[in-house]
Ligand code: AMP
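Structure representation (structure tokens):
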């Protein structure tokens with residue numbers, strides 16, 4: 215099995231690019247954000263706990279998303295691998311992922327990082343808000359909190375995956391097709 219991490223700040227285009235990636239490389243897409251939004255929509259206990267945190271632009275507890283990821287690995291088959299979108303987002307999550315994979319003697323195949331400058335994050339998320347209506351895209355304060363959360367808690371993963379030798383950075387500025395082409399050039403190597 216291959217395990218790809220789709221990395222990048224909020225609004226970098228991870229969700230948009232994931233669709234083409236899973237199709238071309240026969241992967242199962244796991245978006246922890248989408249899984250959490252599903253729990254909220256279904257009104258589950260987990261969803262209720264996650265809702266307040268998500269709507270403030272904060273992260274949900276590591277154990278919650280780690281459990282979701284392990285469950286998907288166990289229940290999905292018939293694919294070449296997995297595309298993790300929005301996970302890991304903290305160093306403990308990255309370490310937990312390594313431990314989960316080590317149980318079956320597997321490792322992260324590659325980290326594909328889509329980078330855009332901070333100025334572009336706000337603009338992209340505001341554009342998405344008009345189309346998708348996500349509660350956490352609704353206010354500048356919440357978006358700013360997510361940008362800060364990204365810099366403080368998620369950005370250290372760049373060094374973690376650089377040290378592991380799996381980090382591949384892609385320029386996320388350009389059209390969807392241009393960015394997709396850059397991603398495919400990297401993915402074709404694995
Ligand atoms: P996303 O759809 O990836 O932008 O995620 C939306 C929100 O869900 C985030 O702002 C977090 O509140 C929560 N979330 C998604 N993935 C994670 C994760 N790996 N760890 C903690 N919180 C997460």
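In this note's numbering, the protein residues as written are 215 to 404. Quick reminder that beta carbons are idealized off the backbone N, C-alpha and C, glycines included.
Sequence-distant partners of residue 279 (beyond 5 residues in either direction) whose C-beta falls short of 7 Å from its own C-beta, in its chain, are 246, 301, 307. Remark: C-beta atoms of residue 328 and residue 339 do not approach each other more closely than 8 Å. Residue 318 places its beta carbon 8 Å or farther from that of residue 219. Assignment of alpha helix (DSSP H) within the segment 287 to 326, counting only whole runs of 4 or more residues, yields 305 to 316 in chain order.
Residue 380 has its Cβ no nearer than 7 Å to any heavy atom of ligand 1.
Bridge partners of residue 329 according to DSSP: 385. By the neighbour-count criterion, in which a residue is buried when 16 or more other Cβ atoms sit within 10 angstroms of its Cβ, residue 341 is exposed.
Taking all protein chains shown into account, residue 393 has 16 or more neighbouring C-beta atoms within 10 Å of its C-beta and is therefore buried. Scanning its chain for C-beta atoms nearer than 8 Å, with the 5 sequence neighbours on each side dropped, one finds around residue 400 the residues 324, 326, 382, 384, in chain order.
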